[in-house]
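For reference, the structure discussed in these notes is given below.
Structure, rendered in structure tokens:
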């Protein structure tokens, strides 16, 4: 029984990652994308309780984004990829995710000031949330391409050169 409980808290997959970034990225992506969907649903249904839920999701997304950005920037130089992959995938990934995080942070500030969702400029706010989600999705695509296309996770011999 004790060994079964202990195995619940054992993370053997985390022991083999090159850095902590993969452990942080998925939560902010999910929270920020979810916040956009719930904000749109709240706008359509006019449910203030959904606006509050979206604000909390946006808050958790930005908070998780801090961890993802910090771990990503710390991991940038230690990821074992070819220079061509770094230029074509890692840098666009980094730039898109920082841009997406910046937009999310701006949206959070706007939503907190006009809690739980701006009344003035509501359509602009929703477009901002949509743009943030699209930019983060594109940045995440580059991240997935790095890991699954060019072994940025480190499971295969390195380096793999960039190819179209």
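Numbering (the working numbering), first residue to last: 1 to 164.
For glycine and all other residues, C-beta sits at the position ideal for the given N, C-alpha and C.
Computed from a predicted structure; not experimentally measured.
When you measure from the CB of residue i to every non-hydrogen atom of the ligand SAH, does any distance come out below 6 Å?
{"i": "residue 44", "result": "As far as ligands go, the structure on display features none, and thus does not contain the ligand SAH."}
In three-state terms, what does DSSP make of residue i?
{"i": "residue 114", "result": "coil"}
{"i": "residue 33", "result": "helix"}
{"i": "residue 128", "result": "helix"}
{"i": "residue 152", "result": "coil"}
{"i": "residue 22", "result": "helix"}
{"i": "residue 119", "result": "coil"}
{"i": "residue 12", "result": "coil"}
{"i": "residue 27", "result": "helix"}
{"i": "residue 17", "result": "coil"}
Taking all protein chains shown into account, decide if residue i is buried (16 or more other Cβ within 10 angstroms of its Cβ) or exposed.
{"i": "residue 72", "result": "buried"}
{"i": "residue 101", "result": "buried"}
{"i": "residue 26", "result": "exposed"}
{"i": "residue 106", "result": "exposed"}
{"i": "residue 132", "result": "buried"}
{"i": "residue 148", "result": "exposed"}
{"i": "residue 13", "result": "exposed"}
Length at least 4, wholly inside the stretch 35-106: the alpha helix (DSSP H) runs in chain order: Runs found: 48-75.
Below 8 Å, how does it come out for the stretch 117-128 and the stretch 11-22: are there three or more Cβ pairs, yes or no?
no
Taking contact to mean 3 or more Cβ pairs, one atom from each stretch, closer than 8 Å, check whether the stretch 134-150 and the stretch 105-113 are in contact. no
| said: With a threshold of 8 Å, are at least 3 pairs of Cβ atoms found where one atom belongs to the stretch 78-94 and the other to the stretch 42-61? | reply: no
Are three or more beta carbon pairs between the stretch 91-99 and the stretch 34-43 nearer than 8 Å?
no
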